[in-house]
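Peer 1: Per the UniProt record's numbering, the sequence shown starts with residue 1, numbered consecutively.
Note that the Cβ used here is the ideal one computed from N, Cα and C, for glycine as well.
Keep in mind that this is a model prediction, so the values were computed, not measured.
Once you've had a glance at the structure underneath, I'll fire off some questions.
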Amino acid sequence: MQRNHISDPNEPFPKPQALASATTTHSQSRFRISTRKLPISKSGTIDALTEKIGIPMPEMIFGDNVVGIEHVPSGWSLNFNTPDALDAVDKTDRHMLKVAYARDWESTREGTTQGIKEVVKPYDWSYSTTYTGSIEASAMKFAPTDKVIPIELLKRRDPILFFDEVMLYESELDDNGISIFSVKVRVHEKRMLLLCRLFMRLDNVVLRIRDTRVYVDFETDEVFANTRRKKRPTRKSRGNFSCLEDSQTTLQSH
């Protein structure tokens, strides 16, 4: 296992050629798992992403952070990175949320909000991305399947050979809540699980969770992915979420 040499967030921001040495890798069977954690991006990266993606960036972005899974013999790989995650944020006003006090504010300014909307480019300012990962350099794609991720196997207390958690971005939504997009990965001898999660809470409006789970069977080389989206009003401190989507896909054995 190769360890990330950067542990102090106050260290100078690394140059591009130093990114490889800032990566932690773990090999298990025919797969290579990698994570990279670096300090919050500086203004140059933020400006470049803003121009490329076309929306304002969250307060905290980790533009060089990444989590990757590679099947070494075939070259197939799946990674989770910040630019692609932010690029999957809706750039229209179709899914814009309103803070709890917005309706009262609008009622006192009737006729002015449309003008504001025309001046300011609309986008989903809650940063509720629909991103489920980036597949690199491979014709192999995920396809629907009846198989499910074996949760019971993951509940077993098998030794954890590798674990990491990587933050991709975070926003406090102008002090109206929080939106966090992060990735966790844990590796056992015969299997691994990756969890990519969007957690978004808009105070007194809605709580939204969007999960992508990736399960790898090291004995068969099969890769399963499950996407689940759910939400509930934040006024309900308890109760069930409304499940909006629950899809299961698999990648055929390599």
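Rounded to a whole number of angstroms, what is the C-alpha to C-alpha distance between Asp-174 and Arg-191?
Peer 2: The residue labelled residue 174 in the question sits at position 174 within the sequence shown. The residue labelled residue 191 in the question sits at position 191 within the sequence shown. Taking the straight line joining both Cα atoms gives about 40 angstroms.
Peer 1: Which residue spans inside the region 196–231 form an unbroken beta strand (DSSP E) run of at least 3?
Peer 2: Runs of the beta strand (DSSP E) inside the region 196–231: 206–217.
Peer 1: Could you check the C-alpha separation between Ile-151 and Gly-44 for me, to the nearest Å?
Peer 2: If you number the sequence shown from 1, residue 151 lands on position 151. If you number the sequence shown from 1, residue 44 lands on position 44. Rounded to the nearest angstrom, the two C-alpha atoms are 42 angstroms apart.
Peer 1: Grouping DSSP H, G and I as helix and E and B as strand, with all else coil, what is Gly-133?
Peer 2: Working through the sequence shown from its first residue, we reach residue 133 at position 133. Gly-133 falls in the coil class under three-state DSSP.
Peer 1: Quick one: grab the DSSP three-state call for Gly-54.
Peer 2: Position 54 of the sequence shown, counted from the first residue, corresponds to residue 54. Of the three classes helix, strand and coil, the one that applies to Gly-54 here is coil, per DSSP.
Peer 1: Please state whether DSSP places Asp-47 in a helix, a strand or coil.
Peer 2: Here residue 47 refers to the residue found at position 47 when the sequence shown is read from its first residue. It is helical.
Peer 1: What is the DSSP secondary structure of Thr-152, reduced to helix, strand or coil?
Peer 2: For this step, residue 152 is matched to residue 152 along the sequence shown. Reading the sequence as shown, one finds Glu at residue 152 and not Thr. Note: Glu-152 maps to helix in three-state DSSP.
Peer 1: Measuring alpha carbon to alpha carbon, tell me which residue in Leu-19, Ser-134, Thr-249 is nearest Asn-81.
Peer 2: Position 81 of the sequence shown, counted from the first residue, corresponds to residue 81. When only C-alpha atoms are compared, the closest one is Ser-134.
Peer 1: Alpha carbon to alpha carbon, how far is Val-67 from Asp-164? Give it in angstroms, no decimals.
Peer 2: To locate residue 164, count along the sequence shown from 1; it is residue 164. To locate residue 67, count along the sequence shown from 1; it is residue 67. For Asp-164 and Val-67, the gap between their C-alpha atoms comes out near 9 angstroms.
Peer 1: For the beta strand (DSSP E) containing Leu-78, list its first residue and its last residue.
Peer 2: The count along the sequence shown starts at 1 and reaches residue 78 at position 78. Note, Leu-78: beta strand (DSSP E), 76–81.
Peer 1: How many angstroms separate the CA atom of Lys-147 from the CA atom of Met-200?
Peer 2: The residue given as residue 147 occupies position 147 in the sequence shown. The residue given as residue 200 occupies position 200 in the sequence shown. Taking the straight line joining both Cα atoms gives about 29 angstroms.
Peer 1: Among Ser-126, Arg-30, Phe-218, Val-187, which residue has its Cα nearest to the Cα of Thr-92?
Peer 2: To locate residue 92, count along the sequence shown from 1; it is residue 92. Closest option to Thr-92, judged by alpha-carbon separation, among Ser-126, Arg-30, Phe-218, Val-187: Ser-126.
Peer 1: For Leu-19, which three-state DSSP category applies?
Peer 2: Translated into positions along the sequence shown, residue 19 becomes position 19. If DSSP states are grouped into helix, strand and coil, Leu-19 belongs with coil.
Peer 1: With DSSP as the reference, label Leu-173 as helix, strand or coil.
Peer 2: Here residue 173 refers to the residue found at position 173 of the sequence shown. The answer is helix: DSSP assigns Leu-173 an H, G or I state.
Peer 1: Name the residue from Arg-208, Val-223, Val-72 whose alpha carbon lies nearest to the alpha carbon of Pro-233.
Peer 2: Locating residue 233 in the sequence shown gives position 233, where the first residue counts as 1. Answer by Cα proximity: Arg-208.
Peer 1: With the cut-off set at 9 angstroms, would you say Thr-132 and Ala-225 are in Cβ contact?
Peer 2: Translated into the one-based positions of the sequence shown, residue 132 becomes position 132. Translated into the one-based positions of the sequence shown, residue 225 becomes position 225. Going by C-beta atoms, Thr-132 is nearer than 9 angstroms to Ala-225.
Peer 1: What does a CB cutoff of less than 8 angstroms around Thr-129 pick up in its chain, not counting 5 residues either side in sequence?
Peer 2: The sequence position of residue 129 within the sequence shown is 129, counting from 1. Excluding positions up to five away in sequence, the list reads Ala-85, Leu-86, Ala-88, Val-89, Phe-181, Leu-198, Arg-210.
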